[in-house]
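**Student:**
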Amino acid sequence: DVKVTQSSRYLVKRTGEKVFLECVQDMDHENMFWYRQDPGLGLRLIYFSYDVKMKEKGDIPEGYSVSREKKERFSLILESASTNQTSMYLCASSLDLYGYTFGSGTRLTVV
Amino acid sequence: KQEVTQIPAALSVPEGENLVLNCSFTDSAIYNLQWFRQDPGKGLTSLLLIQSSQREQTSGRLNASLDKSSGRSTLYIAASQPGDSATYLCAVNRDDKIIFGKGTRLHILP
Chain A
23 DVKVTQSSRY
33 LVKRTGEKVF
43 LECVQDMDHE
53 NMFWYRQDPG
63 LGLRLIYFSY
73 DVKMKEKGDI
83 PEGYSVSREK
93 KERFSLILES
103 ASTNQTSMYL
113 CASSLDLYGY
123 TFGSGTRLTV
133 V
Chain B
27 KQEVTQIPAA
37 LSVPEGENLV
47 LNCSFTDSAI
57 YNLQWFRQDP
67 GKGLTSLLLI
77 QSSQREQTSG
87 RLNASLDKSS
97 GRSTLYIAAS
107 QPGDSATYLC
117 AVNRDDKIIF
127 GKGTRLHILP
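Keeping their order, the protein sequence lines are chains A and B. Be aware that the first sequence starts at 23, since it is given in this note's numbering, and climbs by one per residue. Be aware that the second sequence starts at 27, since it is given in this note's numbering, and climbs by one per residue.
1) Under 7 Å between beta-carbons, which chain A residues line up against B/L75? List them in chain order, please.
2) So which of A/V26, A/E44, A/R31, A/G38 has the shortest CA-CA distance to A/E91?
3) Check whether the stretch 105 to 116 of chain A touches the stretch 88 to 102 of chain B, counting contact only when three or more Cβ pairs, one atom from each stretch, lie closer than 8 Å.
4) Should A/F55 and A/L67 be called a contact, given that it needs their Cβ atoms to be closer than 9 Å?
5) Cβ of A/G85 within 9 Å of Cβ of A/L100?
6) Please determine, among A/E94, A/V34, A/F124, the residue with the shortest C-alpha to C-alpha distance to A/T105.
7) Quick check on this structure: which residue in B/I134, B/R131, B/P136, B/R120 has the alpha carbon closest to the alpha carbon of B/L59?
8) CA-CA distance, B/I125 and B/Q32?
9) Indicate whether B/Q83 and B/E41 have their beta-carbon atoms separated by less than 9 Å.
10) Determine the chain B residues that contact A/F124 at a beta-carbon separation under 8 Å, and present them in chain order.
11) Residues of chain A with a CB under 8 Å from the CB of B/I103: which are they?
12) State buried or exposed for B/H20, treating a residue as buried only when at least 16 other CB atoms are found within 10 Å of its CB.
13) Verify whether the separation of the beta carbon atoms of B/V39 and B/L135 is less than 9 Å.
14) List the residues of chain B whose Cβ lies closer than 8 Å to the Cβ of A/R129, in chain order.
15) Under 7 Å Cβ-Cβ, which residues of chain A neighbour B/I124?
16) Less than 9 Å between CB atoms is the rule here; does B/K128 satisfy it with respect to chain A?
17) Output yes or no for whether 9 Å exceeds the beta carbon distance between A/P83 and A/Y72.
18) Along chain B, in chain order, which residues have C-beta atoms closer than 7 Å to that of A/L65?
19) Classify B/A105: buried if its beta carbon has 16 or more other beta carbons within 10 angstroms, exposed otherwise.
20) From B/Q64 to A/T108, what distance separates their C-alpha atoms?
21) Given that A/L112 touches chain B, what residues does it touch there, using C-beta distances under 9 Å?
22) Since B/G109 is in the beta strand (DSSP E), which residue starts that stretch and which ends it?
Spelled out as structure tokens, the structure:
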């Protein structure tokens, strides 16, 4: 089975800190995605990548950036964390039309 | 713009009952549709994936159907159990991006 691993389940960071959320998949998937999930708003796409070194903005990219230096790793970066970025962050990967696999999520609290 | 709707937002049923969760989408030009389960505070677990050329998929007590022409999918859960309590999300895939519904929160009463 494809496994998508998010490095942290829970994180607490201070306002203004630079935050890195790491995601690694082990099945050579081309496509990787970062979502955030908030009550009442559902899942919203932040950034995605279809290949190494490639990145595309999703629906809510403001305040975030990403890095994909290797195929298996897709990092989400909060340049200067703010309280409105407190959320559940979910990473996913996919191979063409074979469906998405999600990680277990990172609950980020910015204080 | 593709929109995915799941009604109801929440559902409570007694243990042992069969139940149906609904998902509708506005644009029938999809590659596939996927049903996920999410437990509180956890990530999403894929349950079933239906390609656009398929009508249904089955896994154990779960059966998902797809009617592209009417923009509808259903997830049928047979003989529900308390362990089925979770939020169920459907997502449609078009252009290699998926659009999620907001989910149905299911509670199975013991």
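Where is the CB? At the ideal position from N, CA and C, for every residue including glycine.
**Tutor:** In terms of the structure at hand:
1) G121, listed in chain order.
2) Comparing Cα positions, the closest option is A/E44.
3) Segments in contact, no.
4) Closer than 9 Å, so yes.
5) It is a contact, given that the beta carbons lie within the stated cut-off.
6) If we check each option's Cα against that of A/T105, A/V34 comes out closest.
7) Scanning B/I134, B/R131, B/P136, B/R120 for the CA closest to the CA of B/L59 turns up B/R120.
8) Spanning the two alpha carbons is a distance of roughly 12 Å.
9) No, the Cβ-Cβ distance between B/Q83 and B/E41 is not below 9 Å.
10) F62, G69, L70, T71, S72, listed in chain order.
11) Here the premise fails: no neighbours, minimum Cβ distance about 20 Å.
12) Absent from the structure is residue 20 of chain B, since the part of chain B shown begins at 27 and ends at 136.
13) Contact annotation: B/V39 and B/L135 have beta-carbon atoms nearer than 9 Å.
14) Within 8 Å of the CB of A/R129, the CB atoms of chain B belong to G67, in sequence order along the chain.
15) Under the 7 Å cutoff, chain A gives Y122.
16) At a cut-off of 9 Å, the C-beta of B/K128 has a neighbouring C-beta in chain A.
17) Going by C-beta atoms, A/P83 is not nearer than 9 Å to A/Y72.
18) Ordered by position in chain B, the residues that pass the 7 Å Cβ test against A/L65 are F126.
19) B/A105 is exposed by the Cβ-count criterion.
20) Distance between the alpha carbons of B/Q64 and A/T108: 19 Å.
21) Taking a Cβ-Cβ threshold of 9 Å, the residues of chain B close to A/L112 are G69, L70, in chain order.
22) Where B/G109 is concerned, there is no enclosing beta strand (DSSP E), given that its DSSP letter is neither H nor E.
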